[in-house]
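Student: The structure follows.
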Amino acid sequence: MSDPASVPPCIVVVFGARGDLTRRLVMPALYNLRRSGGLSDHFAIVGVDHGDVSERAWRADIGRTMRGLIGARDAEFQSDGFDEQAWDWLRERMHYLRGDFTDPGAYARLGALLDKLQPRYGAQGNVLFYLATAARFFETALLNLGQAGLTKQRAEGGWRRVIVEKPFGHDVASARHLNEVVARVLEEDQVFRIDHFLGKETVQNILAFRFANGLFEPVWNRDRIDHIQITVAETIGVEGRGRFYDPTGCLRDMVPNHLFQLLAMIAMEPPSAFTTEAMHRRRAEVIEAVRPLTPADVVRGQYAAGAVNRTAVCGYREEDTVPDDSNTETYMAMKLQVDTWRWAGVPFYLRTGKRMRERTTEIAIRFKPAPLAPFRSTEIGGYGPDWLVLHIQPDEGISLQFDVKRPGPQVALAPVRMDFRYRDWFPKEYTVGYEQLLRDCMNGESGLFQDAAMVEGAWRIVQPILDAWKEPPNDFPNYAAGSAGPAAADALLALNGGHAWRPLTPGRRPPPASRPAAKPAPAKKARAPAKAGTKKAAGAARRRTAKAAKKR
Numbered sequence: 001m002s003d004p005a006s007v008p009p010c011i012v013v014v015f016g017a018r019g020d021l022t023r024r025l026v027m028p029a030l031y032n033l034r035r036s037g038g039l040s041d042h043f044a045i046v047g048v049d050h051g052d053v054s055e056r057a058w059r060a061d062i063g064r065t066m067r068g069l070i071g072a073r074d075a076e077f078q079s080d081g082f083d084e085q086a087w088d089w090l091r092e093r094m095h096y097l098r099g100d101f102t103d104p105g106a107y108a109r110l111g112a113l114l115d116k117l118q119p120r121y122g123a124q125g126n127v128l129f130y131l132a133t134a135a136r137f138f139e140t141a142l143l144n145l146g147q148a149g150l151t152k153q154r155a156e157g158g159w160r161r162v163i164v165e166k167p168f169g170h171d172v173a174s175a176r177h178l179n180e181v182v183a184r185v186l187e188e189d190q191v192f193r194i195d196h197f198l199g200k201e202t203v204q205n206i207l208a209f210r211f212a213n214g215l216f217e218p219v220w221n222r223d224r225i226d227h228i229q230i231t232v233a234e235t236i237g238v239e240g241r242g243r244f245y246d247p248t249g250c251l252r253d254m255v256p257n258h259l260f261q262l263l264a265m266i267a268m269e270p271p272s273a274f275t276t277e278a279m280h281r282r283r284a285e286v287i288e289a290v291r292p293l294t295p296a297d298v299v300r301g302q303y304a305a306g307a308v309n310r311t312a313v314c315g316y317r318e319e320d321t322v323p324d325d326s327n328t329e330t331y332m333a334m335k336l337q338v339d340t341w342r343w344a345g346v347p348f349y350l351r352t353g354k355r356m357r358e359r360t361t362e363i364a365i366r367f368k369p370a371p372l373a374p375f376r377s378t379e380i381g382g383y384g385p386d387w388l389v390l391h392i393q394p395d396e397g398i399s400l401q402f403d404v405k406r407p408g409p410q411v412a413l414a415p416v417r418m419d420f421r422y423r424d425w426f427p428k429e430y431t432v433g434y435e436q437l438l439r440d441c442m443n444g445e446s447g448l449f450q451d452a453a454m455v456e457g458a459w460r461i462v463q464p465i466l467d468a469w470k471e472p473p474n475d476f477p478n479y480a481a482g483s484a485g486p487a488a489a490d491a492l493l494a495l496n497g498g499h500a501w502r503p504l505t506p507g508r509r510p511p512p513a514s515r516p517a518a519k520p521a522p523a524k525k526a527r528a529p530a531k532a533g534t535k536k537a538a539g540a541a542r543r544r545t546a547k548a549a550k551k552r
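UniProt numbering numbers the first residue of the sequence shown as 1 and each following residue consecutively.
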């Protein structure tokens, strides 16, 4: 990971400048970098899109969108206020170029604009191209960039790099073909296959938590871990993006990238060093070790109408731009086995879905019970499970649940929880997950990105499921919006060792088991006033007199 102080001069060219990704994540990330001092003073942005809008209108639209996102319940972009000074600095460096991604002439005009802007901003020939477009334009954009000579790195200095968004391909064959296109246009160290989950501090902290502490790594294996659950639950629907989402679906959109990257971080072996090559190798080893899936290992679902956060919402088939007979999945749950010495026999359960009860991303590790149960002869009921939970978002932190003796004469166990929250220990940093990754791209560090082998390996795992799911389901929609998903997902775990999903909670850990109400303290009896003329009354009078004298 790069040092913010070392970020070089550059121009960032964003293809898809008016798209949802650019407005919600890419531009807010650049704004956050400016606020934190993470951008060079020699910096500019060029937005490329087919929309016929002026540069001024594009700037205004981005600013209006970012202001509207602040405080929105499910928005990634959060802030304690809009920094007008940081925005003014960024806005003045934003330039717009109208152009069709399939038109070679647009790339010629882009080259001319870059030649004009380079000396103006002192960017030293450095250009970072960001393909924030629909996946169908990736190949065309890459080939046109190459044919226009825009990806050629100059001997006298000046690098050219390209960020490609997910999904990188839509199956094994397309991912392999896209990698071949990349290899024709770019060197491997010029391409950055981005997954913004790896830019989140809590995901990067997995490595520190595992390998910098001697407490947990010795039990991070099949001997002590019963199973692991990885959950990425969203409350939002497709948000008007049905034309993109419907041909893609939940499996393609989330699993080969987001969920498998979390899986790799949790299951990887310690790297010999935190270098790009070592990190790629260790994460790729996990993907290669995943046992081939069968349809029995996976459940799919689609949401019907329901209520989320007490607000009525429509079903997926009633969403704008979604066909009313769509069979696209909006939920997926699967059971995986990682066939390595460390993880043999430990099931990994992955789930993700839209219009779920709560928005939460977490990795939950359930430990095996104690090998000997000395309290079994007492009337304490069953042992509770021990859980270690890494809360990725929205309430970032780590919690550990274990059993203790409940206070009192009876021997009874109760689950308790120890919590670490980032906000309790560190100043709040507002990020959307892209800031670190953009900095790393500018510095040429790809340790938090996927290489070609990792991408193709992930698609190989899910390919049998994609093939099986060509047959339309007969039960869609099969879960209500605002629920925890289809009943078949619960059965998937119950049939594999009697496991159960952890309850979805609003980014916070579940409350501990209910405790018995504390007995109220007995009320003190009121003292009766002393009768006049008694020794008790005389003593009270003397005490009052002495107290008054002290005050004087």
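For glycine and all other residues, C-beta sits at the position ideal for the given N, C-alpha and C.
Computed from a predicted model, the values in this text were never measured in an experiment.
Alpha carbon to alpha carbon, what distance is there between P270 and I287?
Tutor: Using only the alpha carbons, I get a separation of about 15 Å.
Student: Residue ranges of each beta strand (DSSP E) run of no fewer than 3 residues wholly in the stretch 184-228, ordered along the chain?
Tutor: Taking only runs of at least 3 residues, the beta strand (DSSP E) segments lying wholly in the stretch 184-228 are 191-193.
Student: Provide the residue span of the beta strand (DSSP E) that contains E362, from first to last.
Tutor: Taken as a continuous stretch (DSSP letters only), the beta strand (DSSP E) holding E362 covers T360 to F367.
Student: So what does Y349 bridge to, in DSSP terms?
Tutor: In DSSP, Y349 forms a bridge with Q229 and K335.
Student: What does the alpha-carbon distance come out to for the pair L90 and G240?
Tutor: Those two C-alpha atoms are separated by around 28 Å.
Student: So the candidates are L400, P385, P415 and E429; which of them puts its Cα closest to the Cα of P394?
Tutor: Nearest C-alpha to P394: E429.
Student: Taking only the alpha-carbon atoms, compute the straight-line gap between L110 and M94 and give it to the nearest angstrom.
Tutor: About 14 Å.
Student: Among I70, V172, Q190 and D490, which one has its Cα closest to the Cα of Q153?
Tutor: Closest by alpha carbon: Q190.
Student: Compare the C-alpha of L113 against each of H177, I228, A175 and G47 and name the closest.
Tutor: Nearest C-alpha to L113: G47.
Student: Assuming Q229 contacts R291 (C-beta within less than 8 Å), just tell me the rounded distance between them.
Tutor: With a Cβ gap of about 18 Å, Q229 and R291 do not count as contacting.
Student: Of the residues N144, V7, S36 and G125, which one's Cα is nearest the Cα of E156?
Tutor: Ranking the options by Cα distance to E156, first place goes to G125.
Student: Whole angstroms is fine: what's the gap from F209's alpha carbon to T431's?
Tutor: The alpha-carbon atoms of F209 and T431 are separated by roughly 20 Å.
Student: Near K519, what residues of its chain come up, given a Cβ to Cβ distance below 8 Å and the 5 sequence neighbours on each side ignored?
Tutor: Because the pLDDT of K519 is 43, which lies under 50, any placement of that residue in the model is unreliable, and the question is left without a value.
Student: When DSSP builds the beta bridges, which residues end up paired with I45?
Tutor: In the DSSP output, where bridge partners are listed per residue, I45 has V12 and M94.
Student: Does the beta-carbon of T275 have 16 or more other beta-carbons within 10 angstroms, so that it is buried, or is it exposed?
Tutor: Under this definition T275 is an exposed residue.
Student: Starting from the C-beta of M442, find all residues in its chain whose C-beta is less than 7 Å away, skip the five residues before and the five after it, and write them out in chain order.
Tutor: If we look at M442 and ignore the five residues flanking it on each side, its Cβ neighbours are V7, P8, C10 and L128.
Student: Cβ of I163 within 8 Å of Cβ of F138?
Tutor: No. Outside cutoff.
Student: What does DSSP give as the partner residues of H391 in its beta bridges?
Tutor: In DSSP, H391 forms a bridge with E362 and G397.
Student: According to DSSP, is A513 helix, strand or coil?
Tutor: Confidence at A513 is low in this model, with a pLDDT of 47, below 50, so its placement is unreliable and no value can be given for it.
Student: Do W343 and R366 have their CB atoms nearer than 8 Å?
Tutor: Taking 8 Å as the Cβ cut-off, W343 and R366 do not qualify as a contacting pair.
Student: How long is the line joining the alpha carbons of residue 554 and V219, rounded to whole angstroms?
Tutor: Residue 554 lies beyond the range of the chain shown here (1 to 552); nothing can be said about it.
Student: I'd like to know if the stretch 41-60 and the stretch 12-32 are in contact, where contact means that at least 3 CB-CB pairs between them fall below 8 Å.
Tutor: The stretch 41-60, when compared against the stretch 12-32, does touch it at the 8 Å Cβ threshold.
Student: When you compare the CB of C10 with every CB in chain B, is at least one pair closer than 8 Å?
Tutor: Judged by its chain identifiers, the structure shown contains no chain B, having just a single protein chain.
Student: Would you check if the stretch 220-227 and the stretch 159-173 touch, i.e. whether three or more CB-CB distances between them fall below 8 Å?
Tutor: Output reads no: the stretch 220-227 does not touch the stretch 159-173.
Student: Which complete beta strand (DSSP E) runs does the stretch 109-178 hold, if anything under 3 residues is left out?
Tutor: Those beta strand (DSSP E) runs which fall completely within the stretch 109-178 and span 3+ residues are 127-131 and 160-164.
Student: Any idea if S272 is buried or exposed, counting beta-carbon neighbours within 10 angstroms, 16 or more meaning buried?
Tutor: S272 should be labelled exposed.
Student: For L413, report the span of its beta strand (DSSP E) as first-last.
Tutor: Unbroken beta strand (DSSP E) run through L413: L413 to R421.
Student: Could you spell out where the alpha helix (DSSP H) holding T248 opens and where it closes?
Tutor: Start and end: G242 to M254.
Student: Can you round the beta-carbon distance between T151 and L145 to whole angstroms, since I take them to be within the 8 Å contact cut?
Tutor: Contact flag correct, Cβ pair sits at about 5 Å.
Student: Between V232 and G301, what straight-line distance do the alpha-carbon atoms span, to the nearest angstrom?
Tutor: Using only the alpha carbons, I get a separation of about 15 Å.
Student: Using the C-alpha atoms, what's the distance from F216 back to A523?
Tutor: A caution first: A523 carries a pLDDT of 47, below 50, which makes its placement in the model unreliable, though a value can still be read off. About 48 Å.
Student: Does DSSP put K524 in a helix, in a strand, or in coil?
Tutor: Residue confidence for K524 is low, a pLDDT of 43 falling below 50, so the modelled location carries little weight and cannot support an answer.
Student: Report all residues from its chain with a CB closer than 7 Å to the CB of A141; omit the five preceding and five following residues, and keep chain order.
Tutor: Result list for A141: F15, F101, L131 and T133, in chain order.
Student: How should R527 be labelled, buried or exposed, when 16 other C-beta atoms within 10 angstroms of its C-beta is the threshold for buried?
Tutor: Note that R527 scores 47 on pLDDT, short of 50, meaning its location in the model is unreliable and no value can be drawn from it.
Student: For the putative contact between E445 and K354, defined by C-beta atoms under 8 Å, what is the C-beta separation to the nearest angstrom?
Tutor: Between K354 and E445 the Cβ distance is about 33 Å, and since that is not below 8 Å, they are no contact.
Student: If you compare alpha carbons, which of P464, A267 and I62 is closest to T22?
Tutor: Of the listed residues, the one whose Cα sits closest to T22 is I62.
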